[in-house]
Structure formats: structure tokens, C-alpha cells
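In the numbering used here, the protein residues as written are -8 to 398.
Idealized CB from N, CA, C, for every residue including glycine.
Remember, it's a predicted structure, so these values are computed and weren't measured experimentally.
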């Protein structure tokens, strides 16, 4: 049963050509007019640097700003440079403000030395992403603003949580109930906007990877529920993962990079049809956003690697997780996110199992949860846990990317 006939039909009537332009297809047969209309729509889109091209007259060299791949690369480099250049200043500022991490007394004793390390470094990540996306993203694309809205709204929650931890010296921060209410409001708002933005055949079907032309009909209500679970679940899962120096930052880079590939393909008529994927008009801008995430987190990792000079805090972890979940929902790759972000899933599940089992039996499954602390208690060095979890994430992202071709 075909799921996305429009994209597949357009690919069958047009062949890809080896040209510098990314979105040019040979126009033949009945699909010629539709394809031309699609390309003309893309030409009318604007980003900050595309405006320069519009007002530059005959400076054809600036036409490169129209290309999604170029803008994605530049978004990554801009965010990377922003994080690297402003990182030292941000650390000094946080240190001067005495924004130090309050370490849990019931955690690993080796972590007590981290007490007082500046936190809330995620504010640098979010600023780098926002600046880069505004510079290189297309302003009229709704997905750009939905992603930025989710990022900044959950970042505000994390900022408030971190602020309470610093002011009251309480490592628990705001209550779990308050977090869930805030995250629910953000997720439902994002789900409603996506229901309005996506075509019905996109949001009403859940694509199953590795199976050709197989999908689950979920309808609008199912899509809203799925969006809520993905955004809130990923947000909290990344936050739980952020317990060791560099443990969360690099997996976010890897997963965001993988989603950028899916987003670029989903936003391209020819590639989506060839790889039998849903065509999501405008999804190329999600690739630009994900690329900015990669660059910002890589720059932050320079200062967050062991021994960390700064922690991202909830302001970074909650926001990055929510943004990853939103990007996956837009390109309809929720299950692929579950695969590529398997590390985040395991970290979250380990906490749920530990808490649930302890309430029931007064016994623990793990020596300590989340699971990265379990391996620390077993004698692994912090750097061993981090690098090995990185390796696992690399493998999982490669498995997720293989679903592009394995059907």
C-alpha cells in the first residue's frame, strides 16, 4: 500500500541530474508543471543572507546562499564559532555570578569534587543555535519558528530549574509536577502547530523503518499523543543522561546530525521519492536547525569534556532533548529517533525501573540510577563510561541511518 504517492510519482516522472543545484530535477511528462511550481515556490523563500542576494543585482556568486546544504554547513560553523569564542567569557561570567553546580550528596562520592563548577552553560548553546538559525534559516518556514519556540520554551524551564538550584543550593530544583505541566504545555502547543502545518497524510500515518511501504494509521489524535510523548520523553531522557562530563553533549551532536540527514532527504522531492520516504515540504530547514545544534554542542563540548569547566544544566539538556523530539516528529522519524537516541532511552528506562522496582520491593535493580552511575559504582572510570557510551551512540546512529536504504 503506497503511503506517499505524490513524492514517488514525481520521482518516477523526473530523474536526478548531476548539477550543482540540489533541487533541480529533469522535468518531463505530466509532472512538469507541478515540479516547476514547487521550484518557483522555493525561489521565493528568504533568509537573512538570501536577502543580500536579492538586493545584490547581478552578483550571481551569492546564489550559493539559496542552497540548503550550504546553509546547513554554515549554520553548524556559525554555531561552533559562537560557542568556542564566547565560551571562555560565559564561563568567567558564570563563575563571577557564583552559578555553581550543587552536587547531590547521594550520588557517587567521586562527584563531590565537581561541587561549585559553573552550570547553566546550556544558555550558551541555546544562544548559539538561535543566532545561527536566524542567520541561515528561512524566516517564513513555520518549522524554523516551531523548533526555536520549543527550544527556548523548554530552555526557560531549565533556566528556572537551574536558578532555583543555585539560589537555594537544592540539587533537586523545581518539582517534577511543575516540570511536567510546563513540558506538557509546550508539547501540546507544538503538536497543535504541527497539525496545522503538516498535510493530513503525513500526520495521520506513523512510518515504520526497515519495512517498505508499511505504516500505522494513527489519525490526528494519535499524532498529538505521539508528539507529546516524543517531545516530553526525549527532553527528560537527555536531561537524565547529562550526569557525566561530556556524556550528553556528543550524543546530541550525533543524533542531531542523523536527523539532519533525514530532514534534508525528506525536504527534497527526488531523494524522498527515490528512498521511499515521506516528502515534507520545507523540511530542509529542519536540517539547518539540526546542523546548528551540532555546531553549538561541539563548541560547548570543548569546555564540557573531562574535567568539565562548565555544565550545560537543565537549561541545555531539557531544551536540546525537546528540540530533537520536535525535529523527529516534523520529518516523521519518531521510531528512528528511538533507535539513534537509544542511549537516552536506556538512561530514562533505567531510572523508571529503579524507582518502580524499589517502591514495590524495597530493592534496587542497579547499584545506582541512571545507568551511567551504575557502571561508575562497578569501578569504571568516568571517562570510560563516557567514551563507551559515545561508541554505542555512534553504532545506533549508523543503524538508524541504514533504514534509509534497508527496506
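Check, Outcome
"Give me whichever residues DSSP pairs with residue 265 in a beta bridge.", "Answer by DSSP bridge pairing: none, since residue 265 is not bridged."
"Per DSSP, residue 198 forms a beta bridge with which residues?", "206"
"Under the rule that 16 or more other beta-carbon atoms within 10 Å means buried, what is residue 400, buried or exposed?", "Here the chain covers residues -8 to 398 and nothing more, so residue 400 does not appear."
"In terms of alpha-carbon separation, which member of 118, 82, 105 lies closest to residue 69?", "118"
"Just confirm the distance between the C-beta atoms of residue 321 and residue 274, as a whole number of angstroms; I'd bet it's less than 8 Å.", "6 Å"
"Going by beta-carbon coordinates alone, are residue 355 and residue 368 separated by less than 8 Å?", "no"
"In this structure, does DSSP put residue 162 in helix, strand or coil?", "coil"
"Measuring straight from C-alpha to C-alpha, what distance separates residue 156 and residue 390?", "38 Å"
"From the DSSP output, in three-state form, read off residue 91 for me.", "strand"
"Between residue 223 and residue 264, what straight-line distance do the alpha-carbon atoms span, to the nearest angstrom?", "31 Å"
"Where residue 199 and residue 220 are concerned, what is the direct C-alpha to C-alpha distance, given to the nearest angstrom?", "17 Å"
"Compare the C-alpha of residue 379 against each of 63, 64, 160, 239 and name the closest.", "239"
"Taking the alpha carbon of residue 272 as the reference point, which residue from 266, 201, 193 has its own alpha carbon closest?", "193"
"Need the endpoints of the alpha helix (DSSP H) that residue 302 sits in, please.", "Per DSSP, residue 302 belongs to no alpha helix (DSSP H) and is neither H nor E."
"Rounded to a whole number of angstroms, what is the C-alpha to C-alpha distance between residue 138 and residue 89?", "31 Å"
"Restricting to Cα atoms, I'd like to know which of 332, 112, 184 is closest to residue 78.", "112"
"Quick one: using the 10 Å Cβ neighbour count with 16 as the cut-off for buried, is residue 187 buried or exposed?", "exposed"
"What three-state label does DSSP hand residue 18 in the structure shown?", "Because residue 18 sits at a pLDDT of 37, beneath the cut-off of 50, its placement in the model cannot be relied upon, and the point is left open."
"Three Cβ pairs or more, each shorter than 8 Å: is that satisfied between the segment 292 to 309 and the segment 249 to 260?", "no"
"Nearest to residue 76 by alpha carbon, out of 243, 214, 116, 377?", "116"
"Let me make sure I understand the geometry here. Which of 145, 144, 230, 124 has the alpha-carbon closest to that of residue 135?", "124"
"With residue 339 as the anchor, note down where its alpha helix (DSSP H) starts and where it stops.", "333 to 352"
"Return the bridge partner residues of residue 109 from the DSSP annotation.", "91"
"Between residue 336 and residue 343, what straight-line distance do the alpha-carbon atoms span, to the nearest angstrom?", "11 Å"
"With C-beta atoms as the reference, is residue 218 less than 8 Å away from residue 181?", "yes"
"Throw me the rounded Cβ distance for the residue 286 and residue 67 pair, which I believe falls under 8 Å.", "4 Å"
"So, are the CB atoms of residue 127 and residue 279 less than 8 Å apart?", "yes"
"If you draw a straight line from the alpha carbon of residue 254 to that of residue 59, how long is it in whole angstroms?", "11 Å"
"Within the same chain, show all residues whose beta-carbon is closer than 6 Å to that of residue 306, passing over the 5 residues directly before and after it, in chain order.", "111, 113, 114, 146, 149, 150, 153"
"Measuring CB to CB, does residue 319 end up less than 8 Å from residue 142?", "no"
"Would DSSP call residue 379 helix, strand or coil?", "helix"
"With H, G and I counted as helix, E and B as strand and the rest as coil, what does DSSP make of residue 129?", "strand"
"Quick one: give me the first and last residue of the alpha helix (DSSP H) that residue 479 is part of.", "Limits of the chain in this structure are -8 at one end and 398 at the other, which puts residue 479 out of reach."
"So, for residue 82: in the same chain, excluding its five sequence neighbours on each side, which residues have a beta-carbon less than 8 Å away from its beta-carbon?", "109, 112, 294, 300, 301"
"For residue 351, count neighbouring C-beta atoms within 10 Å of its own C-beta (all shown protein chains included) and say buried if the count is 16 or more, exposed if not.", "exposed"
"How many whole angstroms separate the CB atoms of residue 73 and residue 290, which I take to be in contact at a CB cut-off of 8 Å?", "7 Å"
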